[in-house]
DNA sequence: TTGTATGCGTTATCAC
DNA sequence: GTGATAACGCATACAA
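So, in C-alpha cells, the structure goes:
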C-alpha cells in the first residue's frame, strides 16, 4: 500500500503529469475526454493529491491558526465561550476548505505570532482571549505592521486599530443595568472581571452610565472584581454579604461568576428574588440550569467566530488590508433572577 | 520584508546550507564554533525554518488531526466533555512539538479518514465521539488495517480491537447505582443516552448488574432514553412523572440530562431530595451550579485526551502498532442530590 | 567535521 | 490542448 503519486495517474491515463494537475486544479483549456480519462485513472488508483506538496509548491498551508489561552486544568475562559467561537470559526473555514490549527498558548510563555507566521504553519490567525498586558500589544502591532492576516476576537486595544470582532459590551452592560433600574432596583452592585480584558472596561462604563442616566450616584464600594470563574464569584460573596443591606441588585460580568455569587450569598442567607435581583452575562447554557433561571446578556459568540474567520479569509483571499473592526449586537435575555418574588406573589 | 531562507543564513555565516540544517536539527558531528556562527547569523537575519518545506522534505506534517462531531449550533457532545479532552490532547501534543489540526466532521457527510491520511494533512488522528453506525466502523477498520496511527476516545466497537482510550463506564454505572441501593433506594430508574455510543451499553449493563446483585428485579419501564442534552432530560420528565409513585431514585447517563430531568420533574411537583434521589455522570462543572448539587461520576476526560495523544504519538514515533485499549478509572462523587432531606432533618 | 548532490510531489511557466 | 521542466526550501546520503 504505497502512496499514489501524480505520475502514477499520468502513466495509467496515458497523459503527462501536467495534465493530471490541470484536471485536479480545474485549469481551463482541457478536453472533456482527457479529463474523464484522468479522473477514471485517479479513481482506480485512489489518488489523492499530497496536501503537503501542494502547500509547499503554492507557499500556502491552507491552515488558519486559532490561538487560545491555556492553563492546564484551569479554564479561565469558559468552555461555553470557547467552543461557541471555535464552532463558528470551524464552520466558516470548512466552507472555504481551510483547516483549523488549534494553538494553545500558555500565558507565561512569550507570544511569538511572527515566528508562527514565518514558519508558514498557517496563512492567517485568529487570536482569542488576548489581554492588554505588556508584550501582547507589541506582538499584535507587529503582525499588523507586516500586514499579516489576523483578527482578534473579543478584545480591543485602546489607541490601536487592530482588526477585531467584538460585541457591544458597553450596550450590553448599559441595558442590563437599565433593566434593573426600570424594575425599581437602585442599589446595584457590579461584579466585574479582570481589567486586562477590554470588555471589563467597556462594561464598567456601561454600568456607570446607566446609573448616572438614572440620576444615581456612583459608589466605588459597589464595584467588585472576580476572574470570571464560579469560585471567584463565590468568594466575592463573602465581602458582598457584609453590605447586602445596602444592595438590592447585582450585575455580574459573566454567568459563572453570577452563579458563584448566588451560591455564596445563599450561604449567608440572601436569596435571589427575595433579597436581591441578579443578572449575568454571556447567556451560556448554565443560565437555564440554575434556580431561579438567570437573566443574562446574550453574546453572539458563534457568529463572532464566523465573522473573525471571514475577516482573515478576506485578507488572505482578497487581499483586504485596511483596519477592520466590528461590534456585533448583544441581546438582553430576561429570566427569573431579575424578578421579585414579591411581584409573583402579588 | 522578504522571507529569510536557509541559504541566506549559510551565506552570512560562510558555511554550506547543509551545515545550517545540521545546526537547526542538532545533527551530531558539529563543531561548537561553527554552530555559534550559524546561530548568530540566523539570529541576525531572524531566520525561521519554513515548516512547510520541512514537512514536505520529511513527509511528515507534524500535525495530529482531532476529529470532532459537529452540528452547527447544536452541541450533542457537551462543551465540558469536548474541551477537557481537547485540553489533554493539546497539552501532550505541545510537549512533543506536534500541532493540533481540528477537524469538524458533520454527521451527514461520509467519513473519509483514509483520504485525510493520504493527503498527509496529519500524521495521526484522534477520533472523538465516534458512533456505532454503518460506515464508521468500516472506515476505522480500514485505518487499522493500514496501520495508520489513530486512537478512539470514549468509544469501543464490539468485536473489533481498535486502539482506544475509554473510561470504566461499567464500573461507574455499577457504583452509582450501588450507592443509591446502599442508601436504601430500591425503585431506581435509568435515563440512558443513544445506543450508538458504546458507553450507553456499558452503563446499561452496570445499572442492571447492580440491581440484580442486590436481588432487585429489572423493570424495563424503568429505563428511559435521551440524547445527552438538557432538553431531552426535561422531556423525559414528562413520561417519568406519570410513574413517580413507583420510582424513588434516578441514575442519568450524563449531568445535563440529569439536570433537565430535575427541572422537568420539578414542574410536576417532584423535588430531588424530598421525592427522589438523583445521580448524574461526567462530573461536569454544572454539578455544583444546581441546587441541590448533583452527585455524579467523575470521568478523567483531560487525562483521557492526554493518553490518546500519547498512543498516537507512540505509534508515530516508536512504531507501536499492536492493538491498544485502556480504560481509565472513574470516581463516584457524592453530593447532595443523593441525600434524603428526611435524613438531614432527622 | 563539513560540503555536494539528489529528491520530496506539486504548481506554474514555458514551449509545442 | 497538452507536454516538458524549473522552482519551491528543506533533509539527508554520500563524498571529501
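Residue numbers (my numbering), protein chains in the order written: chain A, 1 to 346; chain B, 1001 to 1346.
Ideal Cβ placement from N, Cα and C applies to all residues, glycine included.
Remember, predicted model here, so these are calculated numbers, not experimental data.
Report buried or exposed for residue i, applying the criterion of at least 16 other Cβ atoms within 10 angstroms of its Cβ.
i	result
residue 91(A)	buried
residue 1263(B)	buried
residue 318(A)	exposed
residue 243(A)	exposed
residue 57(A)	exposed
residue 18(A)	exposed
residue 160(A)	exposed
residue 136(A)	buried
residue 1062(B)	buried
residue 155(A)	buried
residue 84(A)	buried
residue 299(A)	buried
residue 1118(B)	buried
residue 1096(B)	exposed
residue 1204(B)	buried
residue 1007(B)	exposed
residue 1200(B)	buried
residue 230(A)	buried
residue 134(A)	exposed
residue 285(A)	buried
residue 1323(B)	exposed
What separation, rounded to the nearest whole angstrom, lies between the Cα atoms of residue i and residue j?
i	j	result
residue 1164(B)	residue 1087(B)	18 Å
residue 1114(B)	residue 3(A)	12 Å
residue 339(A)	residue 1143(B)	56 Å
residue 227(A)	residue 1046(B)	37 Å
residue 333(A)	residue 1220(B)	41 Å
residue 1216(B)	residue 1281(B)	22 Å
residue 256(A)	residue 278(A)	12 Å
residue 304(A)	residue 125(A)	14 Å
residue 123(A)	residue 1052(B)	11 Å
residue 1193(B)	residue 1328(B)	20 Å
residue 105(A)	residue 1093(B)	12 Å
residue 1024(B)	residue 1109(B)	42 Å
residue 189(A)	residue 173(A)	12 Å
residue 260(A)	residue 267(A)	11 Å
residue 184(A)	residue 337(A)	14 Å
residue 342(A)	residue 180(A)	Because residue 342(A) sits at a pLDDT of 49, beneath the cut-off of 50, its placement in the model cannot be relied upon, and the following sentence gives the value as read from the coordinates. Roughly 15 Å between the two C-alpha positions.
residue 112(A)	residue 138(A)	10 Å
residue 247(A)	residue 240(A)	9 Å
residue 254(A)	residue 308(A)	22 Å
residue 271(A)	residue 178(A)	22 Å
residue 20(A)	residue 42(A)	9 Å
residue 1031(B)	residue 167(A)	56 Å
residue 225(A)	residue 235(A)	10 Å
residue 347(A)	residue 311(A)	Absent from the model: residue 347(A). The displayed extent of chain A is 1 to 346, so no value can be given.
residue 1157(B)	residue 1198(B)	7 Å
residue 10(A)	residue 1196(B)	43 Å
Note down, in chain order, every chain B residue with its Cβ under 8 Å from the Cβ of residue i.
i	result
residue 90(A)	1070, 1102, 1104
residue 3(A)	1118
Quick one: which chain A residues come within Cβ less than 8 Å of residue i?
i	result
residue 1115(B)	48
residue 1085(B)	None at all; the shortest Cβ gap to chain A is about 11 Å.
Using the beta-carbon of each residue, which ones in chain A are nearer than 7 Å to residue i?
i	result
residue 1286(B)	286, 289
residue 1099(B)	101, 121
residue 1080(B)	79
Quick one: which chain B residues come within Cβ less than 9 Å of residue i?
i	result
residue 119(A)	1048, 1049, 1050, 1051, 1052, 1054
Name the one or two DSSP bridge partners that residue i has.
i	result
residue 1278(B)	1250(B)
residue 1219(B)	DSSP, once it has assigned bridges, lists no residue as partnering residue 1219(B).
residue 1152(B)	1127(B), 1164(B)
residue 1299(B)	Looking at the DSSP assignment, residue 1299(B) forms no beta bridge with any residue, so it has no partner.
residue 1034(B)	None, per the DSSP bridge assignment.
residue 42(A)	In the DSSP output, where bridge partners are listed per residue, residue 42(A) has none listed.
residue 1189(B)	1250(B)
Which residues in chain A sit within 9 Å of residue i, going by Cβ to Cβ distance?
i	result
residue 1094(B)	70, 103, 104, 106
residue 1230(B)	285, 288, 289
For a contact meaning CB atoms closer than 7 Å, what does residue i contact in chain B?
i	result
residue 61(A)	1052
Q.
Any C-beta of chain A within less than 8 Å: which residues of the region 1148-1182 of chain B qualify?
A. none
Q: Name, going along the chain, the residues of the region 1252-1264 of chain B whose beta-carbon falls closer than 7 Å to a beta-carbon of chain A.
A: 1259
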